[in-house]
Every structure is written in C-alpha cells, then in structure tokens.
Amino acid sequence: MEKSRHGIPYLKMSSIDVAEILRGSAEVPVKRSRNDVTGVSVNTTNAEDILAALERDDSQAVIIDEVVVKKIVMQLEKKCLRNREMRIKYGDEPAKFMESEVELNEAIQEMHALATQPELYGLLVDLGATITLLQLLAHENSDIVGAVINLLQELTDVDTLNEGEGGAAKLIDALVGGQLIETLVQQSVERLDETVKDEADAIHNALSVVENVLDFRPAFADSCVEQGLFSWLLRRATQRGTLDANKMYASELLALLLQSTELARKRLTEKVDGFDLERKQSRESALKVLDYATNGVEGKSNCAKFIDILGECLIHNMHCLR
Numbered sequence: 001m002e003k004s005r006h007g008i009p010y011l012k013m014s015s016i017d018v019a020e021i022l023r024g025s026a027e028v029p030v031k032r033s034r035n036d037v038t039g040v041s042v043n044t045t046n047a048e049d050i051l052a053a054l055e056r057d058d059s060q061a062v063i064i065d066e067v068v069v070k071k072i073v074m075q076l077e078k079k080c081l082r083n084r085e086m087r088i089k090y091g092d093e094p095a096k097f098m099e100s101e102v103e104l105n106e107a108i109q110e111m112h113a114l115a116t117q118p119e120l121y122g123l124l125v126d127l128g129a130t131i132t133l134l135q136l137l138a139h140e141n142s143d144i145v146g147a148v149i150n151l152l153q154e155l156t157d158v159d160t161l162n163e164g165e166g167g168a169a170k171l172i173d174a175l176v177g178g179q180l181i182e183t184l185v186q187q188s189v190e191r192l193d194e195t196v197k198d199e200a201d202a203i204h205n206a207l208s209v210v211e212n213v214l215d216f217r218p219a220f221a222d223s224c225v226e227q228g229l230f231s232w233l234l235r236r237a238t239q240r241g242t243l244d245a246n247k248m249y250a251s252e253l254l255a256l257l258l259q260s261t262e263l264a265r266k267r268l269t270e271k272v273d274g275f276d277l278e279r280k281q282s283r284e285s286a287l288k289v290l291d292y293a294t295n296g297v298e299g300k301s302n303c304a305k306f307i308d309i310l311g312e313c314l315i316h317n318m319h320c321l322r
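Shown next, in the form of structure tokens:
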C-alpha cells in the first residue's frame, strides 16, 4: 500500500464501500435521557422503580457518627493552624497564604454537615470545636468571619436545638461561656462594612445567632446587655438613613431585650443617648396625641381646655423669650 511522506497510508476510493457509509449514517444512535440515571428509564419505570433508585442513591450518603465528627473537627483544627502559620510567615504576601485560607474555608463548610446531627453537639464541644469557631470570629479575612457566622446560625437553628436536647444545651452553654456576644460584637460586627453586601449579610446572620440563642435560653438576655450587644443595637437602631434589613432586625432585638430584662431597661436610662432617644420619642408621641385630641367633633372644646390648663405657661414662656 502506498504511503504519504508522513507515513500515513493512502486509501483508494475503490476500497471504500459508499453504500456502507450511507447505511451507517442512516442509523440514528440511541441517546440516553439526561434524567436517565442508575439504569432507570423514565419512559418505562413505575413509582416503585423510582423509589428503589432513590434508595440506592441514599445508601451512598455519608453517615454522620462520632468517627466522622472527630475527623471533620480535626481537619478544621489542622487547616486553622496551617492558615495561622502561613499568615505569620507571609504576612505581607497574601498570595502565599491565600491557598491555606481557601482550605480553611472549605473545612468550615464541611462543618455544616454536623448541623443535621444535634445529638452529637456534645461531642463537638468536647473536641474543642466551639473554641476554634469563636477564635475564627476574629479572623482577619471577613469572608472567613462570614463563613463562621453562617455556620453558627445553622448550628443554633431553633428547630435543630429543640431536637438536640442535652447536646444542644451543652453547645449553647459553651458558646455563652466563651463570650459569644462580646466576640461577635467586638471582633466581628464592629469590623464588618455594611456597604459590602456579603458583610452586611454576615451581620444579619450574627443577629440571627443571637435571636436563636435567646429563644433557646431567655436568661441569655442579661449577657447581651453586659457584653456590649445592647449598646450596639441601640446605636444601629437609631442610626440615620434608610430602614434596611439590619436596622429593622436591630430594632426588633432591642425591643426584645427591653421586654426581657430589667438590666436592659436600666441601661437605657443610664445612657444619655438612650435617655435623649426616649425623650424624643415621647415628645413626638405626645404631639400626635394632642393633634388627634384637638381635631374632630370635640376638638374645639379640647382646645379650650388646653388653653385653660396650659395657656398661662405658654404666655409666660413667650414673655421670657422677649
């Protein structure tokens, strides 16, 4: 057989069966449906076959037990330590410690699997995971801080805590004992920039963590006041500007604390800002009541009563102003 200069044999047209090519191209290959998985045909299966396929798929899921918990927590500790070492070694060269930061974030994401097993929360505490998470709230990278807050929000979900019984109580006690509120306020919330959406979301999630813990342990309200959250909520709720999600959430938590603990009410009157706020709100409310009373059917008589009672005071003040 003749070959080209590259060593590839030439094919003679006489050796090619054109009919074979046409016959082959006429046969349409059978395509498997995109939804046709695990050998199950969507056209011929019944409900039992579909359920059987789903059960086979579920059988491959990882079962979360004590061994898996220890492995996940150990991985978190390892990645946290490596990231800390890389940051110390290459503090001025972010590119060199960025890989360890990505690995740390992945380890935090793996911890979400434990949120489905509240009965293992006690082991989580025994392994020191809560201490690590509280330390990470002070991490230099706001993305890491946001990831940890998001994890804490899921771990402290009210429905999950109610299922966990003793393990849930142990987790909450460990977080509260580890100064959760003080750490959230001073190391996380105060540093985050609400003009950045991800960081604003992290603050919202942090407030959700507080609400979850308060719902599970109402006595936690005093700690919220003592560890600085009440003061932050007061500033945030009265901050000038639009009523965004975080401002509304801060107002709701502020009202909850004022209703829950005498310490919060006392702290409000002790603070000048709080007293001024209370006086301002009272003045506005009084003017609204007065406006309502001096209008309507009895408005004229109420106006006369108002002048009789306070008229002399008003006239005296006008003369003093002169």
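For the sequence shown, UniProt numbering assigns the number 1 to the initial residue and increments by one for each residue that follows.
Just so it is clear, CB atoms sit at the ideal spot from N, CA and C, and this is done for glycine as well.
Taking the alpha-carbon of residue i as reference, which of the options has the nearest alpha-carbon?
i: Asp222; options: Val158, Ala169, Ala113, Gln259; result: Gln259
i: Ser100; options: Gly177, Ile144, Trp232, Thr269; result: Ile144
i: Val148; options: Asn162, Glu163, Glu110; result: Glu110
i: Asp92; options: Val68, Glu140, Val102, Ile63; result: Glu140
i: Val225; options: Thr238, Arg240, Leu268; result: Leu268
i: Ile72; options: Glu262, Met248, Gly128; result: Gly128
i: Val69; options: Asp159, Ile309, Lys266, Ile108; result: Ile108
i: Gly228; options: Gly241, Val213, Ala264; result: Ala264
Are the beta-carbon atoms belonging to residue i and residue j less than 9 Å from one another?
i: Asn205; j: Gly146; result: yes
i: Leu151; j: Ala200; result: no
i: Leu168; j: Phe230; result: Reading off the sequence shown, one finds Ala at residue 168, where the question assumed Leu. No, these two residues do not count as a Cβ contact at 9 Å.
i: Leu243; j: Gln179; result: no
i: Trp232; j: Glu190; result: yes
i: Leu137; j: Gln75; result: no
i: Asn246; j: Glu211; result: no
i: Thr130; j: Ala174; result: yes
i: Ala184; j: Pro118; result: The sequence given here has Leu at residue 184, not Ala. Not in contact: Leu184 and Pro118 (Cβ atoms no closer than 9 Å).
Within a Cβ cutoff of 8 Å, which residues of the same chain sit near residue i, ignoring the five residues on either side of it in sequence?
i: Tyr90; result: Lys96, Phe97
i: Ser15; result: Legend: pLDDT at Ser15 = 45, less than 50; position of this residue unreliable, no value from coordinates given.
Leaving aside the five residues before and after residue i along the sequence, list all residues of the same chain whose C-beta is less than 7 Å from its C-beta, in chain order.
i: Ser208; result: Gln153
i: Gly166; result: Gly122
i: Leu104; result: Lys79, Cys80, Asn83, Ile144
Using the Cα positions of residue i and residue j, report the straight-line distance between them to the nearest angstrom.
i: Glu252; j: Arg235; result: 13 Å
i: Lys197; j: Gly164; result: 33 Å
i: Met86; j: Ala113; result: 27 Å
i: Pro218; j: Leu155; result: 18 Å
i: Ala202; j: Phe306; result: 51 Å
i: Glu182; j: Leu257; result: 16 Å
i: Val176; j: Thr294; result: 52 Å
i: Leu120; j: Asp126; result: 10 Å
i: Glu106; j: Ala237; result: 34 Å
Once the 5 residues before and after residue i are set aside, which same chain residues still bring their CB inside 6 Å of it?
i: Leu11; result: In this predicted model, Leu11 has a pLDDT of only 44, less than 50, meaning its place in the structure is not dependable enough to derive any value.
Within the stretch 101-131, note down every full beta strand (DSSP E) run reaching 3 residues or more, in order along the chain. none
Write down every uninterrupted run of the alpha helix (DSSP H) in the stretch 173-205 whose length is 4 residues or greater and which is fully enclosed by it, in chain order. 180-183
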